[in-house]
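Its first residue numbered 385, the sequence shown is counted upward by one per residue in this note's numbering.
First comes the structure, then the notes that go with it.
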Amino acid sequence: MKKVFFLLMLAAVVCYTVNAAANFGLSQAPTMNVDGTANSIVSKLDKSLFLTEQQKPKLLTIVTSYLQQKINILPLQQSNQKAYTTKLNSMQNGLHNRLKPLLTLTQYTEFMGLKPKTFDETNVLSQLYY
């Protein structure tokens with residue numbers, strides 16, 4: 385009887401621990417190294433768009449701001465997908481409105497052509513488009 389009681393208690397502790405760990409993981413917002421990601425994005429865009437020295441720091445500021453805003457809304461992706469999508473679309477429109485006057489028409493057209501077909505974790509540019 386003691387062994388059965390012990391096994392039941394052990395199972396209860398394991399279930400509680402697993403459940404607590406799962407809930408902890410869900411409540412944590414995804415993290416991103418904003419500065420590192422922004423620098424990687426600007427570097428990749430520089431190679432494709434041939435940015436001027438005047439454009440690079442301005443683009444870095446725009447991308448850093450966008451990524452910070454994106455991190456702030458990421459918890460909505462799990463809790464309220466509709467609100468997340470609405471906010472992300474608005475942020476992307478704002479990003480494009482800030483990029484258009486910074487980039488030449490040719491650069492902006494090329495930028496739009498760099499959009500991956502789907503989100504790709506290995507392509508840092510996915511952070512701008514998805």
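The C-beta atom is built at its ideal place from N, Cα and C for all residues, glycine as well.
Since the model is a prediction, treat every value here as computed from it, not as a measurement.
### Message
Within 10 Å of its beta-carbon, does residue 422 have 16 or more other beta-carbons around it, so buried, or fewer, so exposed?
### Response
Within the sequence shown, numbered from 1, the residue matching residue 422 stands at position 38. Counting Cβ neighbours within 10 Å, residue 422 comes out buried, since at least 16 surround it.
Taking a contact to mean a Cβ-Cβ separation below 8 angstroms, would you say residue 448 touches residue 430 in this structure? By 1-based counting over the sequence shown, the position of residue 448 is 64. By 1-based counting over the sequence shown, the position of residue 430 is 46. No, the pair does not count as a contact, with Cβ atoms beyond the cut-off.
Counting along the chain, where does the alpha helix (DSSP H) carrying residue 574 start and finish? With the chain covering only 385 through 514, there is no way to say anything about residue 574.
Terminal residues of the continuous alpha helix (DSSP H) containing residue 430?
-> Taking the first residue of the sequence shown as 1, we reach residue 430 at position 46. Note, residue 430: alpha helix (DSSP H), 418-433.
By DSSP, does residue 454 sit in helix, in strand, or in coil?
Position 70 of the sequence shown holds residue 454. Note: residue 454 maps to helix in three-state DSSP.
Notebook entry, point to check: What is the rounded straight-line gap between the Cα of residue 439 and the Cα of residue 486?
Noted result: Taking the sequence shown and counting its residues from 1, the one referred to as residue 439 is at position 55. Taking the sequence shown and counting its residues from 1, the one referred to as residue 486 is at position 102. The straight-line gap from Cα to Cα measures roughly 7 angstroms.
Any chain D beta carbon closer than 8 angstroms to residue 483: Judged by its chain identifiers, the structure shown contains no chain D, having just a single protein chain.
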